[in-house]
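*Asks:* Pasting in a structure now, in structure tokens, and then I'll have a few things to ask.
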Ligand SMILES: Cc1cc2nc3c(=O)[nH]c(=O)nc-3n(C[C@H](O)[C@H](O)[C@H](O)COP(=O)(O)O)c2cc1C
Ligand code: SF4
Ligand code: FES
């Protein structure tokens, strides 16, 4: 179910921990699996558990505990907008409202073209740059409706290197 | 040794004792939910908060170690406030459905609520509802009631040894469940029902059958394996509605397996016999006891008169009580009959002389926990003796090692080193091991598989290894050779040997003389009383007395048994269920089942335990001991005219006399015993391996619908490939006699190439010829399971 | 004033995250001093004690003392962990250290490992911090390449391995024992203590854990002495500290200033309030600390002891500034949502209580409050506090209870008028 590259990456993660502590690599293995498949279908969670010789339910416990795992399909770009207090004080509600209006979908939903998902998340640890969101591997900071519009345009245009 | 004070009482405790344990010692009750003395401490429910002097916060009694000088109050205002506060939190999302909850009346949450709750809840928000999942036929879930104490999850990880339930999600979304609603498979799963302090996990077969306070409790014993767990049989009127464990630290601690818990569901089987039956014009008809007894006596007397006592065979279930066993052999021997047997699954009796006084564990169950190296010899205690297995599991968790030598790789619930014999080479494997341990094979060690060498080294280096002989040895077509090889290995390794007795009262059957050639107490029965080659089903027999057995399903030589019984002049069946007897019995006498009867068993340790009837017998069924006694009367066998069970017991006790609990595991083997293995290559076919699965092994459990699992077969992937078969295929199997059956196939690299593993005890598999026979396979489509 | 002089000293330099730049500015000098000086582990620990460095992760526990708890001569590996899970609303300092000064953190950990005899270490970084993770991982590679990590560091007998462990989204993993569980591949559920990590930590082995900023302070303490560091700050509150000033300020940011700096000055550095706004309240140490009224805050100095005297806590130095444009009930409702969402779920009072608090606040906020609700909030809060395994629940109660005390009129307005005092008074004005 996973590519050679993903398996190799999991093996590298596993090597960080004592040999009898394969379970330590579970968080990483789930992340790597999710990166390859876009989300974590149940069969994939079980497969990952098998890789590390763990009971499936143990992997499932972890996959449902941490908020960064998606157990359902999400869009190519998942806008994780922080709604915690510092971002809230700096207008995160407005940012979320703007996104929903702009993309025509609600919180937790994905646009029909499969490009965008909007999610509200708790504190991202970048409060001085509020309002912020996490977008894949990066943070987009001091969001404004205007900066978002530009970003959405660029992403629609296929540019996913934009900051 | 810290000295502490709890509620004004002083106490000295050993270091590491928790406040909860100390309070228990003083008999002081602290409310709790997540705490359980047999599980790890989670300290998550927070119900057990107590007030400790000089501590800023209340502390959880279950997790806080007592330290010197601690002054603890379990019911000060501060402690009460804390407990009340926690309880309110537990209740805000707990449904108010006690009136329809099966836990009602035996619910710790209900009890603690009575004692500790603030009567006026301040909670007015909406209550949480948790989606239910079907986790199989045994455990009913009502997850909205769950209080997230995680006892069930910890049980699976720590006691059951397979983690099936988990707590997924976090915060208030945390919920207990299996992996995406899968069924729970652990053979110990029912214990989670007892552990759940609320009605989240309840017994599915018991669901809505009764309110707990209406039930009558009768202390009892589990009749399903040689561990002899203590149980509580709960009944309403004539019906057994539930079986739960009773605490008995020396035997089952506080657990029982699902077989012991749910087998009772078979009591209501539709073929339960409640009146005597007599074959008239080829058909069984209900008759009075008097008629039936007359007919039984007449039938037997006729065969005895015409064919002599050597033409009669008596077969009794090893689940029978000591009293029944004693009377059975007394009756038959009184008639001059020598062929008395309880070993339905054995076919090779050449080494009977080497059998011990009784199949003794030769140690206490508790001591098993301390073993450092155990070799299981063709034993699968996980299914055969689940709570004995639990002791072995503990030994492994404590750092011990368990090796399993077998014809197949079995799945244990703890790490086990497996050693699988090549098909038919079981005795040879023990021999090789023995040679290896002695160092004879050092030069040719190079040619041996690494795990054989490793096993031999483990045995050689162990200070005091233990070999446990399992039922797979006796079930083997070359049982005698296998035993001799194991004896050799024990000698070579300087190992102690214990037997894992096959059935609930195998020990009693041996001790009380239900074997050919041995009288009660193991006294030799005189010369030629050895079993004939065909065992209890030998062609020389013309009449049978069967008690509590279904040879067509229980016997290894089921094909032969069915044939012999069909051809018999006379068959008397004493049984609770009609089943196959319909086909061959001339007289059927309805006997009470274990829950309706009283008696005693010897467990695997040689521990004598007794039980009494929990419910009245169904219809006209009578306790078996009474039936035997009356039969003796009818057949004019002297000395068996006992008035009550106690006098039967004192009679056998006198006959048996004192016997040591620790007995030599093997006596002398006959000279020149052939291994009787590798009886030629199975050619095109596959050699049968197999065992009765946990829920198939006796007439009662196989009638318990919620426990039933379909029969199947397993092949090594290579064997399957060679035969053009795939996982999930339906396979047509042809036995030597041409009988065919279809079974779904699963691939399993733990089955030796060239062999096929069958789940025995099903009508289809029993028709194929038993372990060691050869079957021919052909693909017959795709199994229903694989289609879905 | 010694501003931005310790853990973020190089932030302004180009490529400050590279080992070369770090070395050019004296980096790894402290490690050399320790290993080649040599300094004994005990000497290091006594300098740490002298420095009065207190843990920067929130609890403010004296670092030198913590290091001295690590048992000596035990079997098996001892572990050193860095807590980079930074997730409490208002906190955003560790991210900058990792982005700009990863080697300072690594050097601090190596010195700590040497002082405590730890053979192996992990930096637990929250999963969302992908860029900081990459920066730290690259820095670890550089350090290995330079012989500063791994076997026989700088040619001595001392060896130490270090790797990054990525979180996956759970604030609770910042709690030190939850972090260890998470590192073991489990759900991040805090462990009951005792036993404490110094005897039973990661994989059941002796373990010490410190915050990123704590470790990043170590090289300078070793280089210049504990006394020097102490004097940067105040007695019992040694050194400088990064304050993340966020919320309603014109120039939010991380300001590393001496302990004891007046709040007034800090607010100034952050550009002050927006024009025309009045300071209503400040949460001085992240959302787990009690709110302080604006006026009172203006008189306070930013150090552990002063803030705790005012009934709150310095926490991780996460200063959230709230002006009069926002309703306190809304702010607190938002904070309560965080704790409900982040509760791990194991302890009853937290699992059940956090949602209860939020639901009541949510009702009040939406104009469906009832007269007894304020007592109820107090009551529920008091049943949660001090009754759980970890401090998350206490942290969730603090802002609720403190705001009830400071701003009862805003709550009452919501309940009685069914509307918000702030928006109402705005419309009146
Ligand atoms: C709920 C909770 C969350 C925490 N989150 C963090 C965190 O993100 N980073 C951190 O360094 N410490 C956090 N802590 C504090 C740690 O438990 C621990 O005290 C700290 O890492 C010790 O390091 P220090 O002594 O250097 O401060 C948290 C504590 C609690 C109770
Ligand atoms: S199901 Fe029962 S045992 Fe399991 S966590 Fe819930 S309350 Fe506890
Ligand atoms: S019994 Fe102690 S916390 Fe649950």
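Residue numbers (this note's numbering), protein chains in the order written: chain A, 8 to 170; chain B, 44 to 831; chain C, 630 to 1058.
All C-beta atoms, glycine included, are put in the ideal place defined by N, C-alpha and C.
1) Flag residue 688/C as yes when its Cβ comes closer than 7 Å to any non-hydrogen atom of ligand 1, and as no otherwise.
2) Within the stretch 59 to 100 of chain B, note down every full beta strand (DSSP E) run reaching 3 residues or more, in order along the chain.
3) If we ignore side chains and look at the alpha-carbon of each, how far apart do residue 703/B and residue 374/B end up?
4) For residue 1005/C, which residues in chain B fall below 8 Å Cβ to Cβ?
5) Could you work out which residues of chain A lie near residue 209/B, taking near to mean beta carbons separated by less than 7 Å?
6) When every heavy atom of ligand 1 is checked, does at least one fall within less than 7 Å of the C-beta of residue 649/C?
7) Quick one: give me the first and last residue of the alpha helix (DSSP H) that residue 772/C is part of.
8) Would residue 75/B count as contacting chain C if we go by Cβ distances under 8 Å?
9) What residue range is occupied by the uninterrupted beta strand (DSSP E) comprising residue 542/B?
10) Quick one: does the C-beta of residue 754/C sit closer than 7 Å to a heavy atom of ligand 1?
11) Would you mind telling me which residues of chain B sit closer than 7 Å to residue 71/A, beta carbon to beta carbon, in chain order?
12) Can you grab the Cα-Cα spacing for the pair residue 928/C / residue 965/C, in whole Å?
13) For ligand 1, is there any heavy atom lying closer than 7 Å to the beta carbon of residue 1024/C?
14) Who are the near neighbours of residue 197/B in its chain, counting only those whose CB is closer than 7 Å to its CB and skipping five residues on each side?
15) Kindly examine ligand 1 and report whether one of its heavy atoms sits closer than 7 Å to the Cβ of residue 40/A.
16) What residue range does the alpha helix (DSSP H) around residue 1037/C cover?
17) Tell me which same chain residues have a C-beta within less than 8 Å of the C-beta of residue 343/B, skipping the five on either side of it?
18) Given a threshold of 16 other Cβ atoms within 10 Å of its Cβ, counted over all protein chains shown, does residue 713/B qualify as buried or as exposed?
19) Based on Cα-Cα distance, which residue from 853/C, 873/C and 687/C lies nearest to residue 679/C?
20) Could you list which residues in chain A have their beta carbon closer than 7 Å to that of residue 221/B, in chain order?
21) Roughly how many whole angstroms lie between the Cα atoms of residue 444/B and residue 424/B?
22) So, with DSSP's three-state summary, where would you put residue 236/B?
23) In chain C, what lies closer than 7 Å to residue 93/A by C-beta?
24) Considering only heavy atoms of ligand 1, does any lie closer than 7 Å to the CB of residue 695/C?
25) So, residue 211/A versus residue 126/A, is the Cβ gap smaller than 8 Å?
26) Classify residue 1042/C as buried or exposed, calling it buried when 16 or more other Cβ atoms lie within 10 Å of its own Cβ.
27) Following a CB-centred definition, is residue 585/C positioned closer than 7 Å to any heavy atom of ligand 1?
28) Give me the chain C residues within the contact set of residue 76/A, using Cβ-Cβ distance strictly less than 9 Å, ordered along the chain.
29) If you scan the stretch 400 to 446 of chain B from start to end, which runs of the alpha helix (DSSP H) of 4 or more residues do you find wholly inside it?
30) Determine the extent of the alpha helix (DSSP H) in which residue 589/B is found, giving its start and end residues.
31) In three-state terms, what does DSSP make of residue 451/B?
32) Are the CB atoms of residue 787/B and residue 547/B within a distance shorter than 8 Å?
33) Does DSSP classify residue 734/B as helix, strand or coil?
34) Run down chain C in chain order and give the residues with a C-beta less than 8 Å from the C-beta of residue 191/B.
35) Any idea what DSSP makes of residue 392/B, helix, strand or coil?
36) Does the Cβ of residue 838/C lie closer than 7 Å to at least one heavy atom of ligand 1?
*Replies:* According to the data block:
1) Checking the Cβ of residue 688/C against ligand 1 gives yes.
2) As far as the stretch 59 to 100 of chain B is concerned, its whole beta strand (DSSP E) runs of at least 3 residues are 92 to 95.
3) Distance between residue 703/B and residue 374/B, taken at the CA atoms: about 27 Å.
4) The answer, in chain order, is 165.
5) Those are 64, 65, 67 and 68, listed as they occur along chain A.
6) Result no, Cβ not under 7 Å from ligand 1.
7) Its alpha helix (DSSP H) spans residues 759 to 774.
8) So no, residue 75/B is outside the interface.
9) Per DSSP, residue 542/B belongs to the beta strand (DSSP E) from 539 to 542.
10) Ligand 1 never approaches residue 754/C closely enough for any of its heavy atoms to be under 7 Å from the residue's Cβ.
11) Near residue 71/A (Cβ distances below 7 Å), the residues of chain B are 211 and 212.
12) Approximately 28 Å between the Cα atoms of the pair.
13) Residue 1024/C: yes, Cβ under 7 Å from ligand 1.
14) Take residue 197/B, set aside five residues on each side of it, and the residues of its chain with a beta-carbon closer than 7 Å to its own are 82, 83 and 85, in chain order.
15) Checking every heavy atom of ligand 1 against the Cβ of residue 40/A, none is found closer than 7 Å.
16) First-last of the alpha helix (DSSP H) with residue 1037/C: 1037 to 1046.
17) Excluding residues within five positions, the ones whose Cβ falls inside 8 Å are 355, 378, 586, 588, 613, 615 and 678.
18) Residue 713/B should be labelled exposed.
19) With distances taken between Cα atoms, residue 679/C lies closest to 853/C.
20) Ordered by position in chain A, the residues that pass the 7 Å Cβ test against residue 221/B are 64.
21) Their Cα atoms are separated by approximately 15 Å.
22) Correct three-state label for residue 236/B: helix.
23) What residue 93/A touches in chain C: 718, 719, 875, 876 and 949.
24) Because some heavy atom of ligand 1 lies under 7 Å away, the Cβ of residue 695/C counts as near it: yes.
25) Coverage of chain A is limited to positions 8 through 170, which leaves residue 211/A absent and any answer about it impossible.
26) Label assigned to residue 1042/C: buried.
27) Outside the displayed range of chain C (630 to 1058) lies residue 585/C, so it cannot be described from this structure.
28) Result: 797 and 798.
29) As far as the stretch 400 to 446 of chain B is concerned, its whole alpha helix (DSSP H) runs of at least 4 residues are 408 to 411, 424 to 427 and 429 to 440.
30) Not the alpha helix (DSSP H): residue 589/B falls in the beta strand (DSSP E), residues 586 to 590.
31) Looking at residue 451/B - three-state DSSP - the assignment turns out to be strand.
32) Cβ distance not < 8 Å, so residue 547/B and residue 787/B don't count as in contact.
33) Note: residue 734/B maps to strand in three-state DSSP.
34) What residue 191/B touches in chain C: 974, 975, 977 and 980.
35) It is coil, neither helix nor strand.
36) Yes, Cβ of residue 838/C sits closer than 7 Å to a heavy atom of ligand 1.
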